[in-house]
Amino acid sequence: MDEARHERIRAAVAAIPEGQVATYGDVAAEAGERSARLVGRVLREDGADLPWHRVLRADGSSAPQILDEQHARLRGEGVEIRDGKVVLAHHRAASGWLS
DNA sequence: CAGGTGACCCCAG
DNA sequence: CCTGGGGCCACCT
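Numbering-wise (my numbering), the first sequence opens with residue 15 and increments by one.
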């Protein structure tokens with residue numbers, strides 16, 4: 015079922031450790047997907063119950079509509095944000111965090 | 001069937 | 001810093 019892929023993406027996001035983050039591309043790779051866009055779409059429609067705030071763009075920025083909420087939550091976990099972007103170098107989860 | 005649209009990514013100017 | 005162009009994928013007109 016197509017539901018399986020959808021599910022793997024959610025699993026990858028759910029497994030990102032607190033205080034750490036990952037890019038949409040990272041999640042896609044971790045879930046065995048080729049499209050980062052798909053990850054964004056999944057989170058948009060059913061990310062409510064997931065730690066979606068730990069997923070960022072490749073440069074550490076975020077889409078304007080979720081920026082406030084995302085930054086607030088991340089700060090709460092001690093994640094550093096500079097110039098509107100998360101400092102990926104310090105908080106990016108190591109690839110294979112799911113396996 | 002043909003475009004348009006994103007919580008996207010990457011590279012060249 | 002910004003713009004363009006190519007890829008990507010599911011969904012809606």
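Think of the CB as a built atom: it goes at the ideal place given N, C-alpha and C, for glycine as much as any other residue. From a predicted model like this one, the values you see are computed outputs, not experimental measurements.
Item	Value
Which residues in the same chain have their Cβ closer than 8 angstroms to the Cβ of Arg87, if we skip the five residues on either side of it in sequence?	His67
Using only the alpha-carbon positions, how far apart do His20 and Leu70 sit?	18 angstroms
What's the call for Arg24, buried or exposed, on a 16-neighbour Cβ count within 10 Å?	buried
Among Met15, Asp40 and Ser113, whose alpha-carbon lies nearest the alpha-carbon of Gly74?	Asp40
First and last residue of the alpha helix (DSSP H) that includes Gln34?	Here Gln34 belongs to no alpha helix (DSSP H), and DSSP marks it neither H nor E.
Helix, strand or coil, according to DSSP, for Leu112 in the structure here?	coil
For the alpha helix (DSSP H) containing Gly90, name the first residue and the last one.	Pro78 to Gly90
Return yes when the Cβ of Gly33 is within less than 8 angstroms of the Cβ of Glu83, no when it is not.	no
Are the beta-carbon atoms of Leu102 and Glu44 separated by less than 8 angstroms?	no
For Ala62, count the other beta carbons within 10 Å of its own beta carbon; 16 or more makes it buried, fewer makes it exposed. Which is it?	exposed
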